[in-house]
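Worksheet: the structure to be examined is printed underneath.
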Amino acid sequence: MTALVNPGLAEELERSDEFNADACMNCGVCSAICPMGVDVQPRKLFRYVLLGMEDRVKAEVEPVFSCLLCKMCEENCPSGVHIAENVRTLRHHIVRTVFGIGRG
C-alpha cells in the first residue's frame, strides 16, 4: 500500500494550541487504559500526523469518532499529551476534509 505524504499536515493541525502529538512517546498507556479497548490507538494516529500520512489519518474515521473523550488516557499519560484535544482536532480535520463540512 502506497502512502501519500502531506508534509504540512502536522503544521496545519498544530495551529490548534492544544495539539501536541509530538510529545507522544509511544509508550502505549493510552491504549492500555482506554475503556474502548485497543481499537482506539492515539499513538498510531499521532504518528500518522507527524509523518504527514494524511490518507492514513482519514482512513481512521471510526476510531477517531469512537473515542469517548473521557480523558482517562490523558490523565495517565506520562508525557502530558493533550490526547482528547488532539482527537478533537483530528475530528475537525476529518469532518472538513473527508465530509466537506465547514469549508470556507
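Just add 1164 to the spot in the sequence shown (first one is 1) and you have my numbering. Here a beta-carbon is modelled for each residue, glycine too, at the ideal position from N, C-alpha and C.
Beta-carbon separation (whole angstroms), residue i vs residue j, contact threshold 8 Å
i	j	result
leucine 1168	glutamate 1218	7 Å
leucine 1209	glutamate 1226	Their Cβ separation, rounded to whole angstroms, is 12 Å, which puts leucine 1209 and glutamate 1226 out of contact at 8 Å.
For residue i, three-class secondary structure by DSSP
i	result
serine 1195	helix
valine 1262	coil
phenylalanine 1210	helix
valine 1221	helix
C-beta atoms of residue i and residue j nearer than 8 Å
i	j	result
isoleucine 1247	proline 1206	yes
cysteine 1194	cysteine 1237	yes
aspartate 1203	serine 1230	yes
cysteine 1188	valine 1228	no
leucine 1177	glycine 1216	no
phenylalanine 1183	glutamate 1239	no
lysine 1222	valine 1262	yes
Euclidean distance between Cα positions of residue i and residue j
i	j	result
methionine 1200	cysteine 1191	18 Å
arginine 1211	asparagine 1170	13 Å
histidine 1256	alanine 1196	25 Å
Write down every uninterrupted run of the alpha helix (DSSP H) in the segment 1225 to 1260 whose length is 4 residues or greater and which is fully enclosed by it, in chain order. 1225 to 1230 and 1236 to 1240
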